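Notes follow once the structure below has been shown.
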Amino acid sequence: MSDAKFTKLLDYETLKQQFGDAEDQPAPSVSATAPPEFDPEERLFDHNNSQEHKPGLSGSRLRSYAFAVLTRKEYSKAELIEKLALYAENREEVVVLVDELSRENYQSDQRVAETLLSSQKRKGKGPNQIKMKLKSKKIDTALISEELKETDWVQQAYELKVKKFGPDVTKDPKLKARQIRFLMYRGFEMDAIMKAINRKAED
1373 MSDAKFTKLL DYETLKQQFG DAEDQPAPSV SATAPPEFDP EERLFDHNNS QEHKPGLSGS
1433 RLRSYAFAVL TRKEYSKAEL IEKLALYAEN REEVVVLVDE LSRENYQSDQ RVAETLLSSQ
1493 KRKGKGPNQI KMKLKSKKID TALISEELKE TDWVQQAYEL KVKKFGPDVT KDPKLKARQI
1553 RFLMYRGFEM DAIMKAINRK AED
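Put into structure tokens, the structure is as follows:
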């Protein structure tokens, strides 16, 4: 089977069923994984009411909540604005506050991007997956463009292929197509995929 015909075998839903990993499953809610005393949002609501009411934070209370949120995890600028806006009295105040936190380096899209790149590479994800993750967080890919260029994606794809299918170069069209689907789902580009699955152990 020629390489051109492999694209006919690629079906994203099938890929997801075959190669989806734990990361693709719905994440547990914070309330299910963290004790109530460590959840700053829990303190913002009166649970005696049948409905949750927006607390309308502003000033020092909003700033304190922003620091509490950033203490728990890193957020992109866009994510942090949306997070705080849920509990703030005024969205414009949130934007001003997040701009200030960014200038003072309490919040950093650069830091989030670099952390994401590192964690995704450890999980065996390719550049396309990483770019999609950055886009979902509204982070400019240009922040880590050099790191993306400097990464040996062929080697990354090869190591993943060997871990999943072994070091042998297969001549079986069906197995070869399966290897291609697996690496495409992981976010690798076709050029790197073909080089990886055709690389011999002694190369």
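Under the numbering used here, the first residue of the sequence shown is numbered 1373, with each subsequent residue one higher.
For glycine and all other residues, C-beta sits at the position ideal for the given N, C-alpha and C.
Predicted model, so just to flag it, every value in this text is computed and none were measured.
| query | result |
| --- | --- |
| Do you know how far the Cα of A1573 is from the Cα of G1498? | 21 Å |
| Should V1466 go down as buried or exposed, given a rule of 16 or more other Cβ atoms within 10 Å for buried? | buried |
| If you count every other CB in all the chains shown that lies within 10 Å of the CB of D1396, and 16 or more means buried, which is it? | Confidence is the limiting factor: at D1396 the pLDDT is only 48, short of 50, which leaves the residue's position unreliable and the question unanswerable from this model. |
| Smallest Cα separation from T1443: which of F1537, Y1459 and Y1478? | Y1478 |
| Which residue marks the beginning of the alpha helix (DSSP H) containing T1542, and which one marks its end? | Careful: T1542 lies outside any alpha helix (DSSP H) and carries neither H nor E. |
| Between the Cα of Y1557 and those of R1463, G1496, L1488 and V1534, spot the shortest distance and give me the residue it belongs to. | G1496 |
| Less than 7 Å between C-beta atoms, sequence neighbours within five positions excluded: which residues of the same chain meet that for Q1501? | Q1492, R1558 and G1559 |
| Exposed or buried, what is V1468 when buried is set at 16 or more other beta-carbons lying within 10 Å of its beta-carbon? | exposed |
| Is the beta carbon of A1460 closer than 7 Å to that of M1434? | Per the sequence shown, residue 1434 should be read as Leu rather than Met. Cβ distance < 7 Å, so L1434 and A1460 count as in contact. |
| Output the boundary residues of the alpha helix (DSSP H) element that contains N1500. | P1499 to S1508 |
| Compare the Cα-Cα distances from F1537 to each of I1569, A1514 and I1511 and report the closest residue. | I1569 |
| Looking at C-beta atoms only, is the number of pairs between the segment 1512 to 1520 and the segment 1531 to 1546 that lie closer than 8 Å three or more? | no |
| Given that a residue counts as buried once 16 or more other Cβ atoms are within 10 Å of its Cβ, and exposed if not, what is S1436? | exposed |
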